[in-house]
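> One structure, pasted below without further comment.
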Amino acid sequence: MLRKKTNGVARRPQRTSILSEAANASVDRRAFLRGSGLAIGGIAAIAATGGTVQQASAASAAALGAVELKKSVCTHCSVGCTVVAEVSDGVWVGQEPGWDSPFNLGAHCAKGAAVREHAHGERRLKYPMKKENGEWVRISWDQAIEEIGDGMMKIREESGPDSVYWLGSAKHNNEQAYLFQKFARYWGTNNVDHQARICHSTTVAGVANTWGYGAMTNSYNDIHNSKAIFIIGGNPAEAHPVSLLHVLRAKEMNNAPLIVCDPRFTRTAAHADEYVRFRPGSDVALVWGLLWHIFENGWEDKEFIRTRVWGMDQIKEEVAKWTPEEVERVTGTPGSQLRRVALTLANNRPGTVIWCMGGTQHTNGNNNTRAYCILQLALGNMGTSGGGTNIFRGHDNVQGATDLGVLSHTLAGYYGLAKGSWQHWTRVWGEDFDWLNGQFAKVKGADGKDKDLMYETGIPVSRWIDGVLEDPENMDNPDKVRAMVLWGHAPNSQTRMVEMKKAMEMLDMLVVVDPFPTVSAVLHDRTDGVYLLPATTQFETYGSVTASNRSLQWRDKVIDPLFESKPDHEIMGLFAKKFGFHDRIFRNIAIEEDGITPNIEDTLREINAGMWTVGYTGQSPERIKLHMANQHTFDRTTLQAIGGPADGDYYGMPWPCWGTADMKHPGTPNLYDMSKPVAEGGLTFRARFGVERNGDNLLADGVYSVGSEIQDGYPEFTMQMLMDLGWDSDLTEDERAAIDAVAGPKTNWKTDLSGGIQRVAIAHGCAPFGNAKARAVVWTFPDPVPLHREPLYSNRRDLVADYPTYEDRKFYRLPTMYASIQKQDFSQDYPMILTSGRLVEYEGGGDETRSNPWLAELQQNMFVEINPRDANNIGIRDGADVWVEGPEGGKVKVMAMVTQRVGEGVAFMPFHFGGHFQGEDQRSKYPDGADPYVLGESTNVAQTYGYDSVTQMQETKCTLCKITVA
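Using the numbering used here, the first residue of the sequence shown is number 9, and each one after it goes up by one.
Structure follows, in structure tokens:
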């Protein structure tokens with residue numbers, strides 16, 4: 009928050025004595041920290057360094073005794089900041105930022121600087137527990153695995169495997185994420201998902217369907233080369249603070265104008281050369297308003313569009329409707345300002361576009377993300393250093409967990425769920441396809457034919473509560489969800505929490521696997537059937553993690569597991585043993601001496617063996633560790649190593665890192681950049697959508713990457729294509745045998761387990777996935793051309809008539825409402841727009857950060873931002889308690905913050921709080937000693953129904969509310 013802190017801490021008393029001084033009295037900062045026990049280690053450490061952050065060194069560490077320095081990666085956002093931990097006698101005694109890291113350059117944000125307390129925190133879940141007769145009871149791991157396993161197998165026998173939902177985590181490392189989705193498939197369900205569904209699923213869908221891959225195209229570091237920076241629906245100053253170093257570097261060194269478009273004047277907007285306020289939910293209209301000026305004045309890159317883009321003529325037809333007058337009517341943004349922004353972007357190329365969840369979390373989020381892409385295509389800003397779409401992912405490994413298939417609609421590597429995709433992965437796993445298929449349920453479809461759920465999308469995490477509450481007759485799930493496993497997930501990050509509470513109470517079993525109890529432990533009023541299993545933090549295990557720019561980094565284990573916590577992959581091993589498929593699921597992976605835990609390095613090698621689609625094949629454990637050990641050799645802007653053992657590689661080998669590790673592909677720093685050979689990190693647009701559409705050529709027109717022997721567009725590579733070109737003679741005997749074992753001439757670059765097709769294509773200067781045009785029109789989506797559609801809960805009834813939402817329909821196994829909600833007018837009783845977002849002090853659902861005294865002290869109250877005019881009209885004073893109520897009946901009691909950050913008619917709440925529910929303090933419901941220091945209402949109690957038309961992303965940025973004095 010941008011307000012002076014109060015001198016007191018939260019006035020709610022703690023039940024336990026761990027922080028009794030801090031909790032039972034109003035204290036200042038020094039007393040708070042002294043009472044937390046941090047004065048012994050943390051304050052003393054600060055005093056020893058004069059209150060400054062210093063570079064860790066062997067000499068300074070030696071002064072403390074036998075101290076080891078261990079490198080890890082921050083567990084909060086996706087920047088990928090290196091943490092250097094100082095460990096003495098197995099105790100983590102100090103930390104410093106990684107000065108050699110090209111990502112954080114010796115910097116930390118508040119959260120990153122406090123991660124030691126995340127691992128050593130007193131408020132962690134310390135041992136397995138279950139709820140029995142309304143009380144938390146300590147149990148052993150053996151008892152927990154037996155009881156949970158027996159209960160799940162009983163549910164499976166009665167209702168089928170799809171009645172157990174496996175909710176994974178963006179906090180798992182890559183190897184754990186991969187094993188988690190594999191585990192769910194061996195259980196026999198696609199009811200598996202994770203946080204990406206509710207943060208950037210509309211990005212992945214929209215961007216991948218525009219040019220082939222659904223990820224950040226460039227990098228934080230490449231922003232140094234940008235001549236203009238356009239941020240929409242993102243607040244990196246708070247959500248990704250260290251990323252702002254890179255943004256400001258471009259601003260200062262290139263004089264790059266920074267344009268921030270947001271309904272709220274954020275900390276990021278405070279740095280802007282041009283701040284554009286617009287009405288929440290009108291992103292497409294805003295972007296089309298910019299493109300109206302670009303097309304009207306001929307500022308588009310006509311040659312780029314001719315050679316590398318398909319469908320821009322249809323975009324122009326839609327954009328022509330968005331005159332400055334209409335754009336202002338819909339967005340509230342003056343046409344004169346948008347013309348100025350459009351001219352700025354046209355005159356300062358290459359420019360980059362950055363977005364976050366402000367653009368994605370909408371019922372038409374896929375339209376928003378595609379509109380952002382089209383803006384860059386029109387300006388010719390793609391495939392170039394300083395340009396691209398720099399999509400800032402949220403959690404530290406949400407990119408990796410997405411890539412590795414912790415999703416209800418695809419296997420690892422975005423292979424999908426088609427039969428050929430399963431056959432590919434069973435070949436990788438050495439598994440009998442028929443056995444695995446037998447694990448899945450078969451049901452009768454609406455047409456009376458058998459439907460194999462192995463090939464059907466599962467329920468997304470955004471809708472798991474409907475999997476519990478909905479009548480099975482209305483679902484494509486065989487029965488209701490009866491057991492819910494929340495494995496590293498904060499439920500308060502999801503909307504409709506009143507209904508979530510009801511769903512939790514209807515379950516047969518609720519299992520939480522997490523370092524902290526989370527809101528899952530207290531939201532409901534259950535007296536039994538709840539289990540809490542303590543997982544370690546990522547600092548008590550090791551493995552790889554993927555930053556937002558697609559680079560892989562390696563975390564070393566800092567300390568051994570604390571209390572009775574276990575690493576996530578060990579817990580998976582215990583359940584796999586209980587369910588009887590331990591030997592099968594880990595057949596290609598070495599097992600540690602305990603006979604249970606799969607080896608991390610071997611797990612990554614299995615990932616390398618199968619992830620050909622996105623190029624997770626060249627980043628072997630050895631290569632990633634080499635990069636971490638030699639961070640100092642990588643250029644801070646290009647990310648390329650200058651000499652040293654990794655000479656020529658790009659830091660972290662951002663995917664695609666083609667072929668096998670032996671090929672030593674350097675990684676791809678900027679996607680779709682044809683100015684360098686594919687072998688050196690260059691790339692074309694992916695030929696993912698065929699070669700023609702309605703007679704139009706979809707392949708690139710006369711352009712190609714440097715060194716390509718095919719000097720025009722071309723389709724994706726298959727063995728047959730190599731044969732037709734006469735390049736198949738370049739294959740080794742082993743590669744040819746592996747290709748023949750898959751499908752002979754029909755084997756393609758994605759299914760060839762030898763990597764031979766990729767190797768030979770690249771040797772001839774070609775991209776294995778082809779050379780095509782990006783498509784501005786996605787004919788497979790509900791809106792092929794992105795359209796503005798009013799939110800389901802809109803107070804602009806005039807615009808609802810002109811820009812209605814979709815008709816109700818069923819997808820992802822569930823009926824989904826659109827028009828049936830929007831046709832109801834709630835605006836008289838709920839006149840204000842409600843939106844939500846992040847704070848710099850906390851992250852995600854906030855359980856770990858609100859349990860960290862260093863951070864908890866900084867922000868102790870949940871609040872709602874309200875414009876002074878609205879506050880005065882309602883009769884609200886700054887600091888007063890108010891009720892914020894949504895049109896579906898959920899309401900929260902929070903502190904009012906009267907500020908001009910939000911415009912008139914708009915209210916904002918952060919989403920990191922939990923532990924209060926509709927005015928009730930739930931502290932007494934936590935296990936002893938595991939309640940976060942700071943509790944508060946969850947904004948998502950008041951947030952409402954609404955899901956994206958392609959991905960089922962939840963709507964959190966635009967609903968309605970009313971605010972009253974409490």
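Glycine included, each C-beta is placed from N, C-alpha and C at the ideal position.
Could you give the DSSP three-state label for Leu46: helix, strand or coil?
Here residue 46 refers to the residue found at position 38 of the sequence shown. For Leu46, the predicted model reports a pLDDT of 39, less than 50, meaning its position is unreliable; a value from the coordinates is still stated below. In this structure, Leu46 counts as helix in the three-state DSSP scheme.
> Classify Arg817: buried if its beta carbon has 16 or more other beta carbons within 10 angstroms, exposed otherwise.
Sequence index remark: in the sequence shown, residue 817 carries index 809 (1-based). Exposed: under 16 other Cβ atoms inside 10 Å.
> Which same chain residues, not among the five before or five after Pro244, have their C-beta less than 8 angstroms away from its C-beta?
As a working mapping, residue 244 is identified with position 236 in the sequence shown. Closer than 8 angstroms at the Cβ level, and outside the excluded window around Pro244, lie Ser251, Leu252, Val255, Thr276, Ile362, Cys364, Phe400.
> For His640, which residues of its own chain have a beta-carbon under 7 angstroms away from its beta-carbon, when the five flanking residues on both sides are left out?
Numbered from 1 along the sequence shown, position 632 holds the residue referred to as residue 640. Same-chain partners within the cutoff: Asp108.
> Just tell me which of Phe448, Pro271, Leu863, Thr90 has its CA closest to the CA of Glu849.
The residue labelled residue 849 in the question sits at position 841 within the sequence shown. Ranking the options by Cα distance to Glu849, first place goes to Leu863.
> Determine the burial state of Asp291: buried for a count of at least 16 other Cβ atoms within 10 Å of its Cβ, exposed for fewer.
Sequence index remark: in the sequence shown, residue 291 carries index 283 (1-based). When all chains shown are included, Asp291 counts as buried.
> State the DSSP-derived secondary structure class of Thr967, mapped to helix, strand or coil.
For the purposes of this step, residue 967 is identified with residue 959 of the sequence shown, where counting begins at 1. It is a strand residue.
> At which residues does the beta strand (DSSP E) containing Cys269 begin and terminate?
Within the sequence shown, the letter at position 261 stands for residue 269. It spans 266 to 269 - the beta strand (DSSP E) in which Cys269 sits, taken as one unbroken run.
> With 16 other CB atoms within 10 Å as the buried threshold, where does Gly438 fall?
Stepping through the sequence shown from its first residue, residue 438 is reached at position 430. Gly438 should be labelled exposed.
> Got a sec? Which residues, its chain only, sit under 7 angstroms from Leu647 by beta carbon, not counting five neighbours each side?
On the sequence shown, residue 647 is found 639 positions in, with the first residue counted as 1. So the list reads Pro110, Ser227, Asn229, Tyr658, Tyr659, Pro677, once near-sequence residues are dropped.
> For Met682 versus Gly220, is the C-beta spacing smaller than 8 angstroms?
For the purposes of this step, residue 682 is identified with residue 674 of the sequence shown, where counting begins at 1. For the purposes of this step, residue 220 is identified with residue 212 of the sequence shown, where counting begins at 1. No, they are not a contact pair.
> With H, G and I counted as helix, E and B as strand and the rest as coil, what does DSSP make of Gln369?
For the purposes of this step, residue 369 is taken as the residue at position 361 of the sequence shown. Residue state, collapsed to three classes: coil.
> Please confirm whether Val91 and Val81 have their CB atoms less than 8 angstroms apart.
For the purposes of this step, residue 91 is taken as the residue at position 83 of the sequence shown. For the purposes of this step, residue 81 is taken as the residue at position 73 of the sequence shown. Yes. Within cutoff.
> What residues are listed by DSSP as bridge partners for Gln103?
Taking the sequence shown and counting its residues from 1, one reaches residue 103 at position 95. Paired residues: Ala93.
> Excluding the 5 residues flanking Pro265 on each side, which residues of the same chain have their C-beta closer than 7 angstroms to its C-beta?
Along the sequence shown, one-based indexing puts residue 265 at 257. So the qualifying residues of the chain are Ala236, Asp281, Glu282, Thr352, Asn356.
> Helix or strand or just coil, what does DSSP make of Asp670?
Taking the first residue of the sequence shown as 1, we reach residue 670 at position 662. Asp670: helix per DSSP, three-state reduction.
> Buried or exposed: Thr625, going by 16 or more other Cβ atoms within 10 Å of its Cβ?
As a position in the sequence shown, residue 625 is number 617, starting the count at 1. Buried, since its Cβ has 16 or more Cβ neighbours within 10 Å.
> By how many angstroms is the C-alpha of Asp158 removed from the C-alpha of Lys138?
For the purposes of this step, residue 138 is taken as the residue at position 130 of the sequence shown. For the purposes of this step, residue 158 is taken as the residue at position 150 of the sequence shown. Spanning the two alpha carbons is a distance of roughly 15 angstroms.
> Look at the Cβ atom of Leu294, then the Cβ atom of Val327, and state whether they are nearer than 8 angstroms.
Taking the first residue of the sequence shown as position 1, residue 294 is located at position 286. Taking the first residue of the sequence shown as position 1, residue 327 is located at position 319. With contacts defined as CB atoms closer than 8 angstroms, Leu294 and Val327 fail to qualify as a contacting pair.
> Count the other CB atoms within 10 Å of the CB of Met261; is the residue buried (16 or more) or exposed (fewer)?
One-based indexing of the sequence shown puts residue 261 at position 253. Met261 comes out exposed.
> Give the secondary structure of Ser932 by DSSP, where H, G and I count as helix, E and B as strand, and everything else as coil.
Indexing the sequence shown from 1 puts residue 932 at position 924. Of the three classes helix, strand and coil, the one that applies to Ser932 here is helix, per DSSP.
> Is the segment 536 to 544 touching the segment 561 to 573 in the sense that three or more CB pairs, one from each, lie closer than 8 angstroms?
yes
> To the nearest angstrom, how far is the alpha carbon of Ala386 from that of Ala379?
As a working note, residue 386 is residue 378 in the sequence shown. As a working note, residue 379 is residue 371 in the sequence shown. Their Cα atoms are separated by approximately 10 angstroms.
> Using a 10 Å radius around the Cβ and a threshold of 16 neighbouring Cβ atoms, would you call Ser234 buried or exposed?
If you number the sequence shown from 1, residue 234 lands on position 226. So Ser234 counts as buried.
> Take Asn875 as the anchor and find which of Phe916, Trp891, Ala888, Pro861 has the nearest alpha-carbon.
For the purposes of this step, residue 875 is taken as the residue at position 867 of the sequence shown. Comparing Cα positions, the closest option is Phe916.
> Below 7 angstroms, is the gap between the Cβ of Phe303 and the nearest heavy atom of the ligand MG?
Looking at this structure, you won't find the ligand MG or any other ligand, since it has none at all.
> Comparing alpha-carbon positions, which option in Cys207, Val892, Asn263 lies nearest Gly241?
Taking the first residue of the sequence shown as position 1, residue 241 is located at position 233. Nearest to Gly241 by C-alpha distance, out of Cys207, Val892, Asn263, is Cys207.
> Measure the alpha-carbon distance for Asn305 versus Gly373 and round it to whole angstroms.
Taking the first residue of the sequence shown as 1, we reach residue 305 at position 297. Taking the first residue of the sequence shown as 1, we reach residue 373 at position 365. Using only the alpha carbons, I get a separation of about 28 angstroms.
> Return the residue from the list Trp562, Glu609, Thr967 that minimises the CA-CA distance to Ala637.
Position 629 of the sequence shown, counting from 1, holds the residue named residue 637. If we check each option's Cα against that of Ala637, Trp562 comes out closest.
> State the DSSP-derived secondary structure class of Val215, mapped to helix, strand or coil.
On the sequence shown, residue 215 is found 207 positions in, with the first residue counted as 1. Three-state result, Val215: helix.
> At 4 residues or longer, and completely inside the segment 391 to 416: list those alpha helix (DSSP H) runs for me, N to C.
406 to 411
> For Ile237, which of helix, strand or coil comes out of DSSP?
As a working mapping, residue 237 is identified with position 229 in the sequence shown. Reduced to three states, the DSSP call for Ile237 is strand.
> What three-state label does DSSP hand Val1004 in the structure shown?
In the structure as shown, the chain begins at 9 and stops at 974. Residue 1004 is therefore absent and cannot be evaluated.
> Look up Met727 in the DSSP assignment and say whether it is helix, strand or coil.
Position 719 of the sequence shown holds residue 727. Met727 falls in the helix class under three-state DSSP.
> Among all the DSSP beta bridges, which residues are the ones paired with Asn779?
The residue you call residue 779 lines up with position 771 of the sequence shown. Looking at the DSSP assignment, Asn779 forms a beta bridge with Tyr722.
> Would Leu691 pass as a contact of Leu842 if the rule is Cβ separation under 8 angstroms?
Within the sequence shown, residue 691 is the residue found at index 683, counting from 1. Within the sequence shown, residue 842 is the residue found at index 834, counting from 1. For Leu691 and Leu842, no; Cβs fall outside 8 angstroms.
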